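Notes follow once the structure below has been shown.
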Amino acid sequence: MNTSSLYRALRFFAPDWSRVLGALGLVSLATGAGLFKPWPLALLVDCVLGTNPWPNALRQLAEVPKPVQVMALAALTLALHLGHGALQSALNFTLIDTGLRGLMRVRQAVFEWLMRLSLRRLYSSQAGDILYRVTWDTYAFQTLFQHGVFSFLTASAAVLAMGWVMARLNGSLTLVAMATVPVLLSVMTAFGKQMARRAELAQAQDSTLSSSVQQGLANLQLTQSYTREPQEKESFRAQSSHSWSLRRRQHALEVLYLATVSVVFALGTAAILLVGSRQVLAGKLSLGELLIFLAYLAQLYEPLNQLSHVGSTLSNARAGTRRIFELFDDPTDLPGGAIQLPISDTPMAANGISTAGPLVFDRIYFGYEPGHEVLKSVSLEIRVGQCMAIIGPSGAGKSTLLQLIPRFFDPSSGVVQWQGVNLRELDLRSWRAQVALVLQEPLLIRGTLFENIAYGRVGATSGEVEAAAQLANADGFIRRLPKGYESVVGDGAVRLSVGEKQRINLARAFLKNAPILLLDEPTSALDAASEAHVLESLRRTQERRITLMVTHRPETLRFVDKVLVLEDGRVVDCCAPEAVRWQTTFMKKESADGL
Ligand SMILES: Nc1ncnc2c1ncn2[C@@H]1O[C@H](COP(=O)(O)OP(=O)(O)OP(=O)(O)O)[C@@H](O)[C@H]1O
Ligand SMILES: [Mg+2]
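Here's what the structure looks like:
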């Protein structure tokens with residue numbers, strides 16, 4: 004893991020700097036306590052049982068009887084073990100707590116990113132993949148902090164401290180013990196990159212798997228009605244077996260890595276035994292010192308083992324953090340301009356912009372993919388108080404045209420203007436506050452019907468919500484539900500018909516009461532009476548706003564001021580409703596298709 008991405012990942016822990024400092028303090032205290040643990044035994048052997056002099060700090064013990072000396076050393080052993088255990092527990096808890104706090108912050112940042120995601124990016128990604136990243140890949144940050152960085156610090160501190168004490172006891176034996184460290188580091192780097200690559204491949208495949216599950220659920224009705232279960236099962240079987248094989252490859256390398264590490268340890272231990280016993284035979288080490296050496300040797304295994312795991316832990320964590328940073332590095336928002344508009348429910352003047360100005364498309368070209376234009380030289384002008392219908396065959400680009408107004412996409416050339424200002428110069432959020440949009444496919448959030456309608460305006464009162472529902476002819480059916488406006492809709496709750504959903508979506512837009520109202524076939528699933536009611540409401544409320552309505556229904560044209568006919572991305576007619584050659588427009592298209 005390179006230092007800049009490590010630094011970037013650790014910045015999520017920066018607000019907890021006091022906890023991190025506390026943890027560092029605990030690391031030093033615990034290391035110190037660990038260092039003293041074998042000393043009582045060494046003193047027992049050398050000074051109580053043997054004849055060596057007591058060290059200066061404990062000289063008073065030389066004066067007391069031997070049983071008291073033994074008691075004191077036993078008490079010291081107990082205190083050191085308890086103290087070390089308590090410090091270690093406090094350290095573990097601090098690390099877990101701080102790690103989880105970082106994880107929480109990363110998830111919040113990813114969700115914030117998600118809320119700003121551009122439609123272009125959304126269309127080009129799989130929801131399951133993003134879900135996997137938010138749910139699973141974010142754990143990499145906790146792992147990195149807790150098992151990567153801190154394991155490394157604790158283990159290094161222990162190795163260095165023990166190395167120092169050992170060096171003071173016997174230099175040549177220490178050299179033998181410490182020789183394992185560079186060997187271990189080379190093994191770590193040799194395996195590290197490859198392990199990270201394999202982990203990343205496996206994670207990407209697991210992501211795809213999670214997308215498949217999501218797709219499977221979303222398309223369940225389709226699958227069952229066409230009895231395609233066997234094919235779906237087969238395709239999932241192939242994917243999950245690919246996932247198995249990638250995970251297997253990843254773990255096989257990890258097993259090989261750990262085996263190599265064990266061999267290094269085995270060689271190291273054998274070498275120390277060989278050299279150590281020769282030193283004892285030559286009388287260069289006291290018995291107590293040898294015991295300390297042996298105890299440290301055993302204690303050294305744990306931090307070195309930890310250090311050897313740090314490599315694979317970091318590799319795994321690197322794969323996860325990289326997949327999260329990939330998200331952050333992807334531009335989401337369209338850049339907005341500096342002009343702020345008032346975020347209010349009534350059209351009003353701001354920054355010198357007159358409220359009476361029109362919405363203008365000036366020779367707009369736009370395509371979802373480069374080189375494939377969906378809108379070609381589209382120009383239109385619509386004034387406040389007017390309602391314009393957009394008609395044309397399926398696939399002509401009607402919905403696309405509406406999407407350019409809230410700037411879900413920007414045109415590849417040409418300018419969209421409101422009140423004489425290019426939309427790109429307006430602050431994006433405050434511009435979107437001026438637009439109410441009813442999508443072709445009605446959307447409900449999980450929550451009550453009241454919340455669904457009130458989504459259109461923060462802090463809406465029940466009177467306002469009911470008035471909006473009445474305009475959309477939704478009040479009647481809502482009141483007939485057992486729980487009325489408090490009925491919960493969504494997965495596993497009340498299911499609405501398509502026409503009912505459309506009316507909830509309309510009510511939401513009526514409640515927003517924005518200066519620009521965009522409706523994409525808002526009445527396509529309504530019966531004639533409901534449709535007439537909605538169109539009448541639109542007409543009653545349209546005088547201070549600009550309304551654009553995509554429609555396929557000739558009846559709706561009676562309610563509009565102007566009709567724009569779009570065919571294959573081009574404006575072929577823009578006229579008063581009476582003048583539309585509705586039939587001919589479509590007949591021409593159909594005969595061209597050979598129907
Ligand atoms: N997200 C997208 N990515 C790529 N191409 C798209 C996307 N959405 C629409 N298109 C293409 O753009 C063209 C216009 O689509 P659009 O949805 O604007 O048509 P429409 O006039 O609203 O049709 P309908 O009446 O069926 O709703 C179509 O050819 C469609 O394939
Ligand atoms: Mg459409």
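Residues 4 to 598 in my numbering are what the sequence shown lists, from first letter to last. The C-beta atom is built at its ideal place from N, Cα and C for all residues, glycine as well. Being a predicted model, the structure only gives us computed values, none of them experimental.
A buried status is given to residue 145, since no fewer than 16 other beta-carbon atoms sit within 10 Å of its beta-carbon.
Straight-line measurement puts the Cα of residue 104 at about 32 Å from the Cα of residue 187. Here the C-alpha atom of residue 258 lies approximately 21 Å from the C-alpha atom of residue 272. In this structure, the alpha-carbon of residue 489 lies about 13 Å from that of residue 480. At a threshold of 7 Å, residue 401 counts as near ligand 2, since its beta carbon sits closer than that to one of the ligand's heavy atoms.
Counting the other Cβ atoms within 10 Å of the Cβ of residue 63 gives fewer than 16, which makes it exposed. Per DSSP, residue 407 has no beta-bridge partner at all. Per DSSP, the continuous beta strand (DSSP E) segment holding residue 565 begins and ends at 565 to 570. DSSP places residue 573 in the strand class (E or B) of the three-state scheme. Residue 445 and residue 538 have their C-alpha atoms spaced approximately 17 Å apart.
Its Cα nearest to that of residue 580, the residue 554 stands out among 554, 573, 572. Spatial neighbours of residue 320 in its own chain (CB-CB distance under 7 Å, excluding positions within 5 residues in sequence) are listed in chain order as 143, 146, 147, 151. By the Cβ rule, the stretch 199 to 215 counts as touching the stretch 120 to 140, because three or more pairs are nearer than 8 Å. For residue 29 against residue 97, the beta-carbon gap comes to about 6 Å, under 8 Å, which counts as contact. Taken in chain order, the unbroken stretches of beta strand (DSSP E) that lie wholly in the stretch 417 to 464 and span 3 residues or more are 438 to 441. Proximity to residue 435 across 529, 175, 343 peaks at 343, based on C-alpha coordinates. If you draw a straight line from the Cα of residue 166 to the Cα of residue 432, it is about 60 Å long. In the pairwise beta carbon analysis, the stretch 24 to 42 is classified as not touching the stretch 114 to 122: fewer than three pairs are separated by under 8 Å. Within 10 angstroms of the beta-carbon of residue 266 lie fewer than 16 other beta-carbons, which makes it exposed.
Per the C-alpha coordinates, the member of 56, 500, 327, 73 positioned closest to residue 15 is 327. With a minimum length of 4 residues, the unbroken runs of alpha helix (DSSP H) contained wholly in the stretch 454 to 529 fall at 465 to 474, 478 to 483, 501 to 515. For residue 368, the pairing in a beta bridge is given by DSSP as 416. Distances from the alpha-carbon of residue 6 to those of 422, 60, 325, 500 put 325 closest. Residue range 549 to 553 is occupied by the beta strand (DSSP E) that includes residue 553.
Annotation for residue 195: 314, 315, 317, 318 place their beta carbon closer than 8 Å to its own, counting only its chain and skipping 5 residues before and after.
DSSP links residue 245 through a beta bridge to no other residue. Taking the Cα of residue 173 as reference, the smallest distance to any Cα among 384, 289, 311 is reached at 289.
Distances from the CA of residue 340 to each of 424, 201, 253 were compared; the closest alpha carbon is that of 424.
Judged by DSSP secondary structure, residue 384 falls outside any alpha helix (DSSP H) and instead within the beta strand (DSSP E) spanning 378 to 385.
Within the stretch 31 to 72, the complete alpha helix (DSSP H) runs of at least 4 residues fall at 42 to 46. In terms of CA proximity to residue 531, 557 leads the group 557, 545, 549. Partner residues in the beta bridge of residue 362, as assigned by DSSP, are 385, 421. In this structure, residue 209 has its CB at a distance of at least 7 Å from all heavy atoms of ligand 2. Per DSSP, residue 193 is one residue of the alpha helix (DSSP H) stretching across 183 to 221. Residue 263 and residue 190 have their alpha carbons spaced roughly 8 Å apart. Relative to the non-hydrogen atoms of ligand 1, the Cβ of residue 398 comes within a distance shorter than 7 Å of at least one.
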